[in-house]
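Here the structure comes first, spelled out in structure tokens, and everything after it is commentary.
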Amino acid sequence: MIGGHVRHSSLVDVRDSLDIETVSAALVTSGRPWRGVEFHPALGSTNTRLRELLAGTAQPTGPYAVGRAGDDRCLWWVVLTDHQTGGRGRLGRAWTVPDRASIAISVAVPVADPAQAGWMPLLAGLALSRAVRRVTEAAGHALTARLKWPNDVLLADDGDRKLSGILCELVAVSSGQAVVVGTGVNVDQTREELPVDTATSLAVAGATVRREDLLVAYLDELTAVLAGAGADIGTDPSRAAGVAGAVGAVGAAGAAGARTAYREACSTIGLEVRVHLPTGEAIEGVAVGVDDGGALVVRTDHGERSFAAGDVVHVRPAAGGLA
Numbered sequence: 000m001i002g003g004h005v006r007h008s009s010l011v012d013v014r015d016s017l018d019i020e021t022v023s024a025a026l027v028t029s030g031r032p033w034r035g036v037e038f039h040p041a042l043g044s045t046n047t048r049l050r051e052l053l054a055g056t057a058q059p060t061g062p063y064a065v066g067r068a069g070d071d072r073c074l075w076w077v078v079l080t081d082h083q084t085g086g087r088g089r090l091g092r093a094w095t096v097p098d099r100a101s102i103a104i105s106v107a108v109p110v111a112d113p114a115q116a117g118w119m120p121l122l123a124g125l126a127l128s129r130a131v132r133r134v135t136e137a138a139g140h141a142l143t144a145r146l147k148w149p150n151d152v153l154l155a156d157d158g159d160r161k162l163s164g165i166l167c168e169l170v171a172v173s174s175g176q177a178v179v180v181g182t183g184v185n186v187d188q189t190r191e192e193l194p195v196d197t198a199t200s201l202a203v204a205g206a207t208v209r210r211e212d213l214l215v216a217y218l219d220e221l222t223a224v225l226a227g228a229g230a231d232i233g234t235d236p237s238r239a240a241g242v243a244g245a246v247g248a249v250g251a252a253g254a255a256g257a258r259t260a261y262r263e264a265c266s267t268i269g270l271e272v273r274v275h276l277p278t279g280e281a282i283e284g285v286a287v288g289v290d291d292g293g294a295l296v297v298r299t300d301h302g303e304r305s306f307a308a309g310d311v312v313h314v315r316p317a318a319g320g321l322a
């Protein structure tokens with residue numbers, strides 16, 4: 000574990016600020032694509048801040064603030080905060096947490112094919128689920144995270160309550176397109192601090208972990224998921240471009256392993272679901288898979304339909320399974 004120290008108290012008044020120097024030293028190093036880390040004690044939204052950096056309407060701050068933003072220098076940047084005060088999820092929902100109790104992070108990842116950007120929240124969720132297992136197992140209390148399409152990470156150990164939400168936004172940069180991947184993870188909240196009964200935290204589920212450990216594990220797993228086996232990734236942008244190619248090729252046969260891994264971890268598949276569409280329409284059926292564009296495939300009474308967006312409610316296990 001980073002620093003070899005685990006904090007055993009969950010009292011709000013003794014929660015530690017992120018050790019940003021340790022995180023930066025672990026991430027911005029040879030063999031990893033991350034090019035800079037910007038930290039704020041409090042911030043309205045990490046996604047908004049990173050989009051401003053990419054657009055050049057703001058300049059980076061902190062020890063790695065070299066050069067100007069807006070010219071793709073902020074691709075592969077990481078924005079972190081101890082306290083996100085104006086976080087938002089899909090469909091404009093608010094995401095609020097107490098100070099120093101969670102992870103709020105956004106990263107900027109280039110994509111070769113914008114049509115495949117729909118896979119980004121799915122793959123980010125897969126990476127986070129692996130990081131949760133890795134870090135909690137190392138802490139002596141292994142937890143199992145599962146994925147709810149398209150952007151929620153649930154804890155099987157606490158009744159499939161929500162541990163994390165992921166918000167991805169496609170933005171234009173001078174070299175093409177990038178996805179801002181925003182992730183919020185409940186780490187140290189008590190049950191009383193959680194906003195709804197359907198939410199959970201690692202602490203509530205019995206795992207005491209350092210946020211720094213989970214952050215680094217998450218970005219390591221995200222790099223591995225995006226790059227695929229054998230990709231040459233480093234801090235050099237020309238080598239980091241290999242990740243962009245991997246993302247763009249998610250729908251190809253070479254990335255079948257990523258799709259299979261996501262399907263195996265996705266608790267939505269195999270359930271009767273109700274999909275609430277942005278139009279207000281609600282569609283019911285059995286979730287049977289995820290297509291090559293990252294859309295949820297639902298078998299309804301009128302045939303199969305694919306949904307690229309929508310609010311999914313898990314209803315019950317499908318009668319008779321998926322056969």
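Residue 300 in numbering that gives the first Met the number 0 sits at position 301 of the sequence shown, and the numbers go up by one each step. Note that the Cβ used here is the ideal one computed from N, Cα and C, for glycine as well. These numbers come from a predicted model, not from an experiment.
*So Val272 packs on Val314, CB below 8 angstroms; how close in whole Å?*
Within the sequence shown, the letter at position 273 stands for residue 272. Within the sequence shown, the letter at position 315 stands for residue 314. Yes, they are in contact, since the Cβ atoms of Val272 and Val314 sit about 6 angstroms apart, within 8 angstroms.
*Could you tell me whether the stretch 209-220 touches the stretch 170-187, where touching means 3 or more Cβ pairs closer than 8 angstroms?*
The answer is yes - the stretch 170-187 touches the stretch 209-220, with three or more Cβ pairs under 8 angstroms.
*According to the Cβ coordinates, are Lys147 and Thr267 closer than 7 angstroms?*
On the sequence shown, residue 147 is found 148 positions in, with the first residue counted as 1. On the sequence shown, residue 267 is found 268 positions in, with the first residue counted as 1. A contact, by the Cβ cut-off of 7 angstroms.
*What number of angstroms, rounded off, separates the C-alpha of Val78 from the C-alpha of His301?*
Along the sequence shown, read from residue 1 onward, the residue named residue 78 stands at position 79. Along the sequence shown, read from residue 1 onward, the residue named residue 301 stands at position 302. Whole-angstrom Cα-Cα distance: 45 angstroms.
_Please tell me whether Ala204 and Leu125 are closer than 7 angstroms, where the distance is taken between their beta carbons._
Translated into the one-based positions of the sequence shown, residue 204 becomes position 205. Translated into the one-based positions of the sequence shown, residue 125 becomes position 126. No. Outside cutoff.
*Apart from the five residues just before and just after Ser305, which ones in its own chain have a Cβ nearer than 6 angstroms to its Cβ?*
Reading the sequence shown from its first residue, position 306 is the one you call residue 305. Closer than 6 angstroms at Cβ, skipping near neighbours: Asp290, Ala294 and Val296.
*In terms of residue numbering, what span does the alpha helix (DSSP H) encompassing Arg258 cover?*
The residue you call residue 258 lines up with position 259 of the sequence shown. Ala255 to Ala264 is the span of the alpha helix (DSSP H), which, as asked, contains Arg258.
*Might you give, ordered along the chain, the residues of its own chain that have their beta carbon closer than 7 angstroms to the beta carbon of Val249, omitting 5 neighbours on each side?*
In the sequence shown, residue 249 corresponds to position 250, counting from 1. Reliability of the predicted coordinates at Val249 is poor, the pLDDT of 44 falling under 50, and no value is obtained from them.
_Expected contact under 8 angstroms - CB spacing of Ser163 and Leu127 to nearest Å_ = Along the sequence shown, one-based indexing puts residue 163 at 164. Along the sequence shown, one-based indexing puts residue 127 at 128. About 6 angstroms; that satisfies the 8 angstroms criterion.
_Quick check: the Cα distance between Ala54 and Trp33, rounded to an integer number of angstroms?_
Locating residue 54 in the sequence shown gives position 55, counting from the first residue. Locating residue 33 in the sequence shown gives position 34, counting from the first residue. Cα to Cα, the separation comes out at about 19 angstroms.
*In whole angstroms, what separates the C-alpha of Arg209 from that of Ala41?*
Residue mapping note: residue 209 aligns to position 210 of the sequence shown, counting from 1. Residue mapping note: residue 41 aligns to position 42 of the sequence shown, counting from 1. Their backbone Cα atoms lie some 19 angstroms apart in a straight line.
*Quick one, which of Thr143, Val274 and Val178 has its alpha-carbon nearest Leu225's?*
The residue labelled residue 225 in the question sits at position 226 within the sequence shown. Closest option to Leu225, judged by alpha-carbon separation, among Thr143, Val274 and Val178: Val178.
*Burial state of Gly253 (16 or more Cβ within 10 Å)*: Start at 1 with the first residue of the sequence shown, and residue 253 comes out as number 254. Note on Gly253: pLDDT 41, under 50, position unreliable in the model; the coordinate value appears next. Looking at its Cβ environment, which holds fewer than 16 other Cβ atoms inside 10 Å, Gly253 is exposed.
_Secondary structure of Gln83, DSSP reduced to three states_ = Within the sequence shown, residue 83 is the residue found at index 84, counting from 1. In the structure shown, the three-state DSSP call for Gln83 is strand.
*What is the DSSP secondary structure of Ser200, counted as helix, strand or coil?*
Mapped onto the sequence shown, residue 200 falls at position 201. Coil, per DSSP.
*Closest to Leu15 by CA distance: which of Glu211, Leu221 and Gly279 is it?*
Within the sequence shown, the letter at position 16 stands for residue 15. Strictly speaking, residue 15 in this sequence is Asp, with Leu absent from that position. Minimum Cα-Cα distance from Asp15 among the listed residues Glu211, Leu221 and Gly279 corresponds to Glu211.
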